[in-house]
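Trainee: In the working numbering, the protein residues as written are 2 to 543.
We treat Cβ as the ideally placed atom computed from N, Cα and C, and that holds for glycine.
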Amino acid sequence: MFFTACQNDGIKADLIIRNAVIWTGNDENTEAQAMALSGDTIMALGTNADMMQFSGANTEVIDLKGRFVIPGFIDSHVHLISGGRSLLSVDLRDAGTPEEFTGRIAAFAGKLQPNEWIFEANWDHTLWGGALPQKGWIDNFTSKNPVAVFRLDGHMVLANSLALAIAGIDKNTPDVSGGTIVRDKLGNPTGILKDNAINLLTDKIPPMSEKQRLNCFQNAINYFLSNGVTTVHDVDGFNKDFESYSTALHLRNAGELKVRIYSAMPLNEWDRLAKMKRDDDKWLKTGCLKGFVDGSLGSHTAAFQDVYSDKKDDKGLFLNTEDDLYKWISASDRAGLQVFVHAIGDLAIHTLLNIYERVTLENGGRDRRFRIEHTQHLLPSDIKRFAKLKVIASMQPYHCIDDGRWAEEYIGAQRIKTTYAFKSLIEDNAVLSFGSDWSVAPASPVMGIYAAVTRSTLDGKNPNGWVPEQKISVREALKAYTKNAAYASFDENIKGTLETGKLADFVVLNENIFKTEPSQIKNIKVLQTFVGGKMVYENMDK
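Below, the structure is given as structure tokens:
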């Protein structure tokens, strides 16, 4: 087998996991029967007999009775503080009719004090046929509470009349670059704001108190752990006051952080991060920046070379100019910072690849690991460029089975062939790192693996897979949630696989995912989550 720790020179383990099926995730895809831990680190892996040699008077031994163990999941794209807030707000994610949408907001508003805001919510207008909600739907019962409820992709918000008045948005307010104020035939705002126009409203929202931020964080962390997520990449690019990082730092310094965090700052504030005194460790680190090229497909703001199939006068929009993106990315790269940029439409991705290529040539060789967040709708000619330019495709597979319900209506049969092109990217040697985009989608890697392997859309209309030629294997999907996701944050030497000397972050599942029928993967349950050798979540009743 492969147990080390000097082949047991008398060192005793703090914890031994035995009678398990342990998928290490290493290059050889080795499996072990048992694992010995010292503190937060893996000492050795091997057979039960081998590992029990590390047992001492104070060693805890857990018999997993044949259960399946994998490296802790790494979710490489979450919006931590806003996601945590969504757990405390009205939930519109599955509101299937306008009546259900309005009814839930009315019920939630009835529990609030006057002037309390209603946030987040994650509505999806495609569930009731595509008509966008309007302020008139909710004004009657929210006259005392400002409302800013977001579409699940975060690129559209519905504001009520009170919120629009607070923001000073009316018929005479001009549109902003990279955003849209949706208006009726008379030019009056309907309440829908898209992309950069949302800033007109969010700039007026009072900041959360420290207590509120900590509450959001704790709820988010508990949610991650219940899904087997041991590390998150927090990519809240709208985090203007670095509030997410400062909250994580508070919890880390208090010894209360149970999920490891790689925290991104806004790209246009690269100089502030470059000058900031950082206190990185195994629990919390920064050094990365998040920016935006375009919007989203569901909001018709993802930027394409050709018009939308259902909107012949619309190609989407850029949230930032190409010149600004180049300036910020080049400066960030020269400062030694890692850059993540959101790009969804084929024009946005193509433009970003061009900028990355230019910056790489101008700034010279280094291990920079540029990332494209989402990488959803690719030009066929751009697929090979990811490996060539060493750009990481940071993708969220759950979006595939959600957007697949309606994406062809938006962009047509030809463009969907390279939509969520997991297989094509892997075949051309690109590095795929998977995440959720929570709270846009559930932070459930099990569901993400199911989505990548089956591509079976949520409406049940594509049981054999939507664009099935882009399906990938369970092993490839698991790698994207573990080893590759660790690589995407320069952490491959300490996490992402279960190997001697690496952090003891791992998950116990109720069944072997490699032996599960693909259609049943979504039913796999997380029984236990360990971070740094400590059990931080358990539900053996699942």
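With which residues is Tyr-246 paired in a DSSP beta bridge?
Mentor: Answer by DSSP bridge pairing: none, since Tyr-246 is not bridged.
Trainee: So the candidates are Ile-427, Ile-82, Ser-310 and Phe-515; which of them puts its Cα closest to the Cα of Ser-247?
Mentor: Checking every option, the nearest Cα to that of Ser-247 belongs to Ile-82.
Trainee: With a 10 Å radius around its C-beta and 16 neighbouring C-beta atoms as the bar for buried, classify Leu-113 as buried or exposed.
Mentor: So Leu-113 counts as exposed.
Trainee: Rounded to whole angstroms, what is the Cα-Cα separation between Phe-102 and Phe-109?
Mentor: Approximately 11 Å, taken between the alpha carbons.
Trainee: For Trp-329, name the three-state secondary structure that DSSP assigns.
Mentor: Trp-329: helix per DSSP, three-state reduction.
Trainee: In the stretch 172–210, which residue ranges form an unbroken beta strand (DSSP E) of at least 3 residues, counting only runs that do not cross its ends?
Mentor: Entirely contained in the stretch 172–210, the beta strand (DSSP E) runs reaching 3 residues are, in chain order, 180–184 and 190–196.
Trainee: Run through the stretch 439–520 for me and flag every whole alpha helix (DSSP H) of 4 or more residues, listed as ranges in chain order.
Mentor: Within the stretch 439–520, the complete alpha helix (DSSP H) runs of at least 4 residues are 446–455, 475–482 and 484–488.
Trainee: Quick check on the burial criterion: 16 or more other C-beta atoms within 10 angstroms. Buried or exposed for Met-2?
Mentor: With a pLDDT of 47 at Met-2, under the threshold of 50, the modelled position of that residue is not reliable, and no figure is offered here.
Trainee: When you compare each of Gly-73, Arg-19 and Asp-140 to Phe-55 by their alpha carbons, which one comes out closest?
Mentor: The shortest Cα separation from Phe-55 among Gly-73, Arg-19 and Asp-140 belongs to Arg-19.
Trainee: Looking at the structure shown, is Phe-531 part of a helix, part of a strand, or coil, going by DSSP?
Mentor: The answer is strand: DSSP assigns Phe-531 an E or B state.
Trainee: Can you tell me whether DSSP reads Met-36 as helix, strand or coil?
Mentor: In the structure shown, Met-36 sits in a strand (DSSP, three-state: E or B).
Trainee: Please classify Arg-367 as buried or exposed, where buried requires at least 16 neighbouring CB atoms within 10 angstroms.
Mentor: Label assigned to Arg-367: exposed.
Trainee: Based on Cα-Cα distance, which residue from Leu-65, Phe-423, Lys-276 and Leu-258 lies nearest to Asp-282?
Mentor: It is Leu-258 whose Cα lies nearest to the Cα of Asp-282.
Trainee: Go ahead and label Pro-72 buried or exposed: buried means 16 or more other beta carbons lie within 10 angstroms of its beta carbon, across all protein chains shown.
Mentor: Buried.
Trainee: On the criterion of 16 or more Cβ atoms from any shown chain inside 10 Å, does Gln-557 qualify as buried, or is it exposed?
Mentor: As shown, the chain starts at 2 and ends at 543. That puts residue 557 outside it, with no answer to give.
Trainee: Does the Cβ of Gly-299 have 16 or more other Cβ atoms within 10 Å, making it buried, or fewer, making it exposed?
Mentor: It is buried - the Cβ of Gly-299 has at least 16 other Cβ atoms within 10 Å.
Trainee: Tell me the DSSP secondary structure of Met-44 in three-state form.
Mentor: Reduced to three states, the DSSP call for Met-44 is strand.
Trainee: Assuming the contact rule is C-beta atoms closer than 8 Å, Ser-437 and Val-79 should be a hit. Round their C-beta distance to whole Å, please.
Mentor: Contact flag correct, Cβ pair sits at about 6 Å.
Trainee: Name the DSSP beta bridge partners of Ala-265, please?
Mentor: Cys-289, per the DSSP bridge assignment.
Trainee: In its own chain, which residues sit with a C-beta less than 8 Å from the C-beta of Glu-493, not counting the 5 before and 5 after it?
Mentor: So the list reads Lys-484 and Ala-487, once near-sequence residues are dropped.
Trainee: Give the straight-line distance between the Cα atoms of His-156 and Glu-61, rounded to the nearest whole angstrom.
Mentor: Rounded to whole angstroms, His-156 to Glu-61 spans 49 Å at the Cα level.
Trainee: Specify whether the stretch 463–479 and the stretch 446–454 touch according to this definition: at least 3 beta carbon pairs, one from each stretch, less than 8 Å apart.
Mentor: Verdict: yes, contact present.
Trainee: Just verifying my parser: in three-state terms, what is the DSSP assignment at Lys-13?
Mentor: Reduced to three states, the DSSP call for Lys-13 is coil.
Trainee: State the beta-bridge partners of Ile-119 as determined by DSSP.
Mentor: Per DSSP, Val-148.
Trainee: Figure out for me which residue from Val-447, Gln-529, Asp-383 and Lys-535 has the closest Cα to the Cα of Ser-520.
Mentor: Ranking the options by Cα distance to Ser-520, first place goes to Val-447.
Trainee: Span of the alpha helix (DSSP H) holding His-78?
Mentor: No alpha helix (DSSP H) holds His-78; the beta strand (DSSP E) holding it covers 74–79.
Trainee: Excluding the 5 residues preceding and the 5 following Glu-409 in the sequence, name in chain order all residues of the same chain whose CB lies nearer than 6 Å to its CB.
Mentor: The answer, listed in chain order, is Ile-417.
Trainee: Exposed or buried, which one is Pro-175 when buried takes at least 16 other CB atoms within 10 Å?
Mentor: Flag for Pro-175 reads exposed.
Trainee: Could you give the residue range of the alpha helix (DSSP H) that holds Leu-390?
Mentor: Here the alpha helix (DSSP H) through Leu-390 covers 384–390.
Trainee: Please confirm whether Ala-160 and Lys-136 have their CB atoms less than 8 Å apart.
Mentor: Result yes, Cβ atoms of Ala-160 and Lys-136 sit closer than 8 Å.
Trainee: Hey, Glu-500 and Ile-206: beta-carbon distance below 8 Å or not?
Mentor: Not closer than 8 Å, so no.
Trainee: Would you mind sorting Ala-21 into buried or exposed? The rule is 16 or more other CB atoms within 10 Å of its CB.
Mentor: So Ala-21 counts as buried.
Trainee: Taking the Cβ atom as the reference point for each residue, do Asn-146 and Glu-121 lie within a distance shorter than 8 Å?
Mentor: Going by C-beta atoms, Asn-146 is not nearer than 8 Å to Glu-121.
Trainee: Would Gly-85 and Cys-217 be called neighbours here (beta carbons separated by less than 8 Å)?
Mentor: Cβ atoms of Gly-85 and Cys-217: closer than 8 Å.
Trainee: Can you tell me where the beta strand (DSSP E) with Thr-232 in it begins and where it stops?
Mentor: 230–235 is the span of the beta strand (DSSP E), which, as asked, contains Thr-232.
Trainee: If the criterion is Cβ atoms closer than 8 Å, does the pair Ala-304 and Gly-317 meet it?
Mentor: Going by C-beta atoms, Ala-304 is nearer than 8 Å to Gly-317.
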